[in-house]
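Before any comments, here is the structure.
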Amino acid sequence: MDIFQQIHEAIKYLFVQRAIIAGCFMALGCSSLGVFLVLRRFSLIGDGLAHVSFATVAIGLLLRAQPMVVSIPLVALASFFILKLNEKAAVYGDAAIGLVSSFGIAIGIIIASTAGGFNVDLFSYLFGNILSVSNFEVWMTVVISLAVVLIVWLFYHDLFAITFDEEYAQVSGIKVRLVNRILILLTSLIVVLGIKIVGTMLVSSLIILPAISALQVVRSFRSTIILAGVFAVVSVVAGIFISYFLNLPSGATIVMINFIFFVGSFLYGRNRG
Amino acid sequence: MVEVKSLSVKYNDIEALSKISFKINAGDYIGIVGPNGSGKTTLVKALLGLIPFTGKIIFQSENFSESDLRRHIGYLPQKMSFLDQRFPATAKEIVVSGMYCRKKFPRRLTDKDYIAAEAIMKTLGIANLKSRSIGRLSGGQQQRVLLARALVHSPSVLILDEPTVALDPQSRETFYDTVQKLNKEKQVTVLLVSHDIASVGKYASKLLYLDREIIFYGTFDEFCKSPKMSEYFGTSQHLICHRH
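Chains as they are written, first to last, in the working numbering: chain C, 1 to 273; chain Z, 1001 to 1244.
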């Protein structure tokens, strides 16, 4: 059977269809935020929030609720806490992320060790499994990712202005603090969606890698966002099929393909000069 | 055109500016000079509405709203240190972003805006750079792109905060010549903040010497002859005036 026939066969399975739909929408959501986060030196906020989501998933499992539903408000709160720490408590941005992130992991471990009984479920969220997403999770991913893409599209010019020159954006009448909060809130939503797909350990790579790959090759801002989207979607789809055929962990395979895109883009960008 | 009345700014109980009052007429080219920490950038930030202050800034009339003000001011910020050399934007994308102050959310740009961006780039002699990445331009070219961004919405007042700090002497001269041409030919009112009294004296029609309060406000000739300035500088004032 050639590769196309194998793909054709695989696509007949409902769980593969669900994985592709959720993965593609998730990839678009991640890449639409990634370029802004990377250029604004907020890349690690995805990582920090993902660690917080480890604790919120533990809380969700403890309460026997949908972990994603519990995680969304709690991770959003954590994202605002990071911003506040940075603005009001004079804690440097990376230190604020480190503080909240380690606190999240610690809470998750304490809940897991004291409550017991759901350790297997909890640790499955560490590495995610896109091939096991439920219908509910697919719908949630589609709706939230579309909302993220729409909001980024609406705020595109505000985000562009703030990313290039925050002070000038303010002079132009753009509400910088509000737009920063929206960016961080959207990031927290996307992070929560990503924990099922690539897991809390790797979710930030879905945000960062397509963006930095696109940054190596493109010179205009709009093209960078579009190319990041293409890299992200292709990585997710290729990752799903490769992990399915070679029986590899899907999240890690998606990240590896993203990394290959980065290496290719880096070499192309360097040769072009 | 602009009247600043008793403007004061405090940072944590330290007074950065104390009861500044002065008037700017349409078509003026005012050089704002003073030592480090004298409040030059603070004055610019207050004029741009970026920091809280006490006192009044009246632009054309009392009824001028904040958004009206933005449409009439072009701003070129201090230094270029914020400019990320890897930032993925073309010179034209940066220039047209100067139109955002005229737009309401979601600030959609029209063909007219892009035509205006190309026109101002042509005026400043940088039309050939429109598709080049901003990070790959020289310091002088980048500064002209940012000047084009400040001018694309046809402001009546242009505020330049130490615009030539990162430029070589030749680029600096070219930059000042361009600004002077805008002031003379298009009647753009210019407020230039600088450490360099010699350059300010060469181009500006008036000089405002600031040291948390206004030490002097008048023409460069008056500045050179001012007994108050002689007292302030001692003998060094002669050196500054000879340089001019």
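Glycine included, every Cβ here is placed at the ideal spot set by N, Cα and C.
Continuous alpha helix (DSSP H) assignments of at least 4 residues falling wholly in the region 70-120 of chain C:
93-115
Interface residues of chain C around PRO1077/Z at Cβ under 8 Å?
Neighbours of PRO1077/Z on chain C, chain order: ASP165, GLU167, TYR168.
Compute the distance between the beta-carbons of ALA22/C and LEU206/C, then report whether it is under 8 Å.
Going by beta carbons, ALA22/C and LEU206/C fall outside the 8 Å limit.
CB-CB under 7 Å to VAL57/C, same chain, minus the five flanking residues each way: which ones, in chain order?
PRO67, SER71, LEU122, TYR125, ILE195
Ends of the beta strand (DSSP E) at LYS1023/Z?
1014-1024
Against chain C, does ARG1144/Z count as a neighbour if the rule is that its beta carbon must be under 8 Å from one of theirs?
no
Tell me the residue span of the alpha helix (DSSP H) that contains THR1174/Z.
1169-1185
Contact list for the region 145-156 of chain C against chain Z, Cβ threshold 9 Å:
TRP153, LEU154, PHE155, TYR156
Helix, strand or coil: which one does DSSP assign to PHE1216/Z?
strand
Listed from N- to C-terminal order along the chain, which residues in the region 1084-1095 of chain Z have their beta-carbon within a distance smaller than 8 Å of any beta-carbon of chain C?
ASP1084, ARG1086, PHE1087, PRO1088, ALA1089, THR1090, GLU1093, ILE1094
Buried or exposed for LEU1048/Z, please, with buried defined as at least 16 other CB atoms from any protein chain shown within 10 angstroms of its CB.
buried
What residue range does the alpha helix (DSSP H) around THR141/C cover?
135-154
Establish whether the CB of ARG272/C and some CB of chain Z are separated by less than 8 Å.
no
Taking DSSP as the reference, what is the three-state secondary structure of ASP1113/Z?
helix
Any Cβ of chain Z within less than 8 Å of the Cβ of LEU215/C?
yes
Straight-line Cα distance separating LEU1191/Z from MET1229/Z
21 Å
What residues in its chain sit with their C-beta under 8 Å from that of PHE1175/Z, if we drop five residues either side in the sequence?
GLY1140, GLN1143, ARG1144, LEU1147, PRO1163, THR1164, LEU1167
Taking 8 Å as the cut-off, does the region 236-255 of chain C touch the region 3-11 of chain C (at least 3 CB pairs, one atom from each stretch)?
With the rule of 3 Cβ pairs closer than 8 Å, the region 3-11 of chain C counts as touching the region 236-255 of chain C.
Spatial neighbours of GLY264/C within its chain, please: CB distance less than 7 Å, with the 5 preceding and 5 following residues excluded, ordered by chain position.
none
Contacting positions in the region 1042-1069 of chain Z - beta carbon closer than 7 Å to chain C:
LEU1048, LEU1050, SER1067
Count the CB pairs spanning the region 1054-1066 of chain Z and the region 1214-1224 of chain Z that are closer than 8 Å, and state whether there are at least three.
The answer is no - the region 1214-1224 of chain Z does not touch the region 1054-1066 of chain Z, with fewer than three Cβ pairs under 8 Å.
For ILE1073/Z, the three-state DSSP class (helix, strand or coil)
strand
Between the C-alpha atoms of ARG1243/Z and ILE1197/Z, what's the straight-line distance to the nearest angstrom?
Only weak support exists for where ARG1243/Z lies, its pLDDT of 48 falling under 50; the value from the coordinates is given anyway. A direct Cα-Cα distance of roughly 9 Å separates ARG1243/Z from ILE1197/Z.
Using a C-beta cutoff of 8 Å, does LEU39/C count as contacting chain Z?
yes
Classify ARG1243/Z as helix, strand or coil using the three-state DSSP reduction.
For ARG1243/Z, the predicted model reports a pLDDT of 48, less than 50, meaning its position is unreliable and no value from the coordinates is stated.
What are the boundary residues of the alpha helix (DSSP H) that includes ILE225/C?
221-246
Taking Cβ-Cβ distances shorter than 8 Å, what residues in chain C pair up with TYR1011/Z?
Chain C residues near TYR1011/Z: none, gap ~15 Å exceeds 8 Å.
Grab the span of the alpha helix (DSSP H) containing VAL217/C for me, first residue to last.
203-217 is the span of the alpha helix (DSSP H), which, as asked, contains VAL217/C.
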